[in-house]
Amino acid sequence: MIYGAYGFTGKLLVAEAVRRGHRPVLAGRNAAKLAEVAAAHDLEWIPLGLDDPQQLAQAIGPFDLVFNAAGPFIRTSQPMIAACLAGQTHYLDITGELAVFENTFRQGAAAKAAGITLMSGVGYDIVPSDCLARHVSDRLPGATHLETGLRMLADVSSGTVKSGLVNLENLPGGSVVRRDGRLVSRPLGRDTRVIRFSDGAEKTLVASPWGDLVTAYHTTGIPNITSYLAVPFRTGLPLLSRAASVALKVPGMRALAERAATLAFSGPDEAAQRSGRTYLWARATDEPGNSIEAWLETGEVYRFTALAGVRVVERVLAENPRGALTPGGAFGADFVLDIEGVTRYDALPVR
Numbered sequence: 039m040i041y042g043a044y045g046f047t048g049k050l051l052v053a054e055a056v057r058r059g060h061r062p063v064l065a066g067r068n069a070a071k072l073a074e075v076a077a078a079h080d081l082e083w084i085p086l087g088l089d090d091p092q093q094l095a096q097a098i099g100p101f102d103l104v105f106n107a108a109g110p111f112i113r114t115s116q117p118m119i120a121a122c123l124a125g126q127t128h129y130l131d132i133t134g135e136l137a138v139f140e141n142t143f144r145q146g147a148a149a150k151a152a153g154i155t156l157m158s159g160v161g162y163d164i165v166p167s168d169c170l171a172r173h174v175s176d177r178l179p180g181a182t183h184l185e186t187g188l189r190m191l192a193d194v195s196s197g198t199v200k201s202g203l204v205n206l207e208n209l210p211g212g213s214v215v216r217r218d219g220r221l222v223s224r225p226l227g228r229d230t231r232v233i234r235f236s237d238g239a240e241k242t243l244v245a246s247p248w249g250d251l252v253t254a255y256h257t258t259g260i261p262n263i264t265s266y267l268a269v270p271f272r273t274g275l276p277l278l279s280r281a282a283s284v285a286l287k288v289p290g291m292r293a294l295a296e297r298a299a300t301l302a303f304s305g306p307d308e309a310a311q312r313s314g315r316t317y318l319w320a321r322a323t324d325e326p327g328n329s330i331e332a333w334l335e336t337g338e339v340y341r342f343t344a345l346a347g348v349r350v351v352e353r354v355l356a357e358n359p360r361g362a363l364t365p366g367g368a369f370g371a372d373f374v375l376d377i378e379g380v381t382r383y384d385a386l387p388v389r
């Protein structure tokens, strides 16, 4: 089942699943939108809300796996995970929300007992960075510090913006780092780093609440993690993030912001999905100061999510791993290299 199949990313996932020979059943709350997507691919569909736990569990029970593409995941993931645990059904999602990652890992023991996989973040957040983190960690056993950096050249969908609002609302400082195994709040824009990417571009990035702060910790065991993200501007970010965090707690403000996001952000068109590139970097460092770096290039964010997400489905159904897992932890550092358009470098290429 693909839940949220009529959203921007949901449609891409459906198309990729069908292209690879699968016949998913589509589900979501809006029957009219579901029917339209299902008709385009001649697929079955089920109108399904999340408010009735018993009804949801009955609907989920017959399925081997549910792919949740309906965000913000702070609202949709827990009801769906509960239904999947009850029905012994594998659960995947494409969240980028730190609170959701943490909640998923808290239910790892229950997932093992049920004999299923719970895996959050099987799209661009966090497959490429998680696999790259494992790659540098595997090459430097005993590493104590991990840094990751991401530079994405893409338009975003309204769903991505809404998930970003969740992170912003729940992080008073706007950002977070992991220190000695704990998540520590930091003002957004205060911590910066200059990173040279594999295309030769050198950029100043800011520490940001990327999913690696939770997932890479579980994948690698490294207790100190900072994730950097390229942003259009840095001046005034601490003040802006604090103001936005406060504003989003005003009754009705988040709903207003989400409606605005729906109107303003439609995601990249097909040409941009075909031509877009993204760039990642990771460095592991041990206590004596030895370090290992690596770089990754991928295709456009949403196209990558569709390609990677369907391949995670295939691996989970084939291998039946158990517990709350990460892509890099479950499938290894090289899993990302199976995705079309991905290249990894262990040294900066000569351009």
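Take 39 as the starting number for the sequence shown in the working numbering and just add one per residue.
Just so you know, even glycine gets a beta-carbon here, dropped at the ideal spot from N, CA and C.
Query, Result
"Leucine 267 and leucine 243 closer than 8 Å at C-beta", "yes"
"Option in Arg315, Ile377, Ala254, Val232 with minimal Cα separation from alanine 322", "Ala254"
"Supposed close pair tyrosine 41, alanine 65 - CB separation, criterion 8 Å", "5 Å"
"contact_flag[the region 358 to 377, the region 145 to 152] where n(CB pairs < 8 Å) is 3 or more", "yes"
"Host alpha helix (DSSP H) of leucine 251 (start-end)", "250 to 258"
"Distance between glycine 337 and serine 246 (C-alpha atoms, nearest Å)", "22 Å"
"Valine 160, buried or exposed, once every other Cβ within 10 Å from all chains shown has been counted against 16", "buried"
"Alanine 371 and histidine 173 closer than 8 Å at C-beta", "yes"
"Among Leu221, Arg220, Ser213, nearest to glycine 227 - alpha-carbon criterion", "Ser213"
"One or two residues paired with leucine 221 in a DSSP bridge", "Arg216"
"According to DSSP, residues forming a beta bridge with arginine 382", "Leu334"
"Cβ-Cβ separation, histidine 128 to aspartate 168 (assumed contact under 8 Å), whole Å", "Incorrect: roughly 18 Å between the Cβ atoms, too far for contact."
"Beta strand (DSSP E) runs contained entirely in the region 130 to 175, provided each spans 3 or more residues", "155 to 157"
"Through-space distance from glutamate 352 to threonine 230, alpha-carbon basis", "38 Å"
"Neighbourhood of lysine 49 by C-beta, 8 Å cutoff - its chain only, sequence neighbours within 5 removed", "Ala43, Val75"
"Exposure label - alanine 108; buried when at least 16 CB within 10 Å", "buried"
"Between the CA atoms of leucine 345 and glutamate 378 - distance to the nearest angstrom", "8 Å"
"Per-residue DSSP class, three states only, for glycine 347", "helix"
"Chain B contact for leucine 243 (CB, 8 Å cutoff)", "Structure shown: chain B not included; a single protein chain is present."
"Rounded C-alpha distance that separates glycine 187 from glutamine 93", "42 Å"
"CA-to-CA distance, serine 313 to proline 261, given in whole angstroms", "37 Å"
"Span separating the alpha-carbon of proline 179 from that of valine 269", "32 Å"
"Inter-residue Cα distance where the pair is asparagine 141 and threonine 257", "16 Å"
"C-beta atoms of glutamate 335 and serine 175 nearer than 8 Å", "no"
"Where threonine 182 sits in the DSSP three-state scheme", "coil"
"DSSP three-state assignment for methionine 118, whether helix, strand or coil", "helix"
"Exposed unless 16 or more other CB atoms sit within 10 angstroms - verdict on threonine 425", "This structure cannot speak to residue 425, because the chain is shown only from 39 to 389."
"Local conformation of tyrosine 44 per DSSP, three classes", "coil"
"Straight-line Cα distance separating valine 350 from arginine 61", "16 Å"
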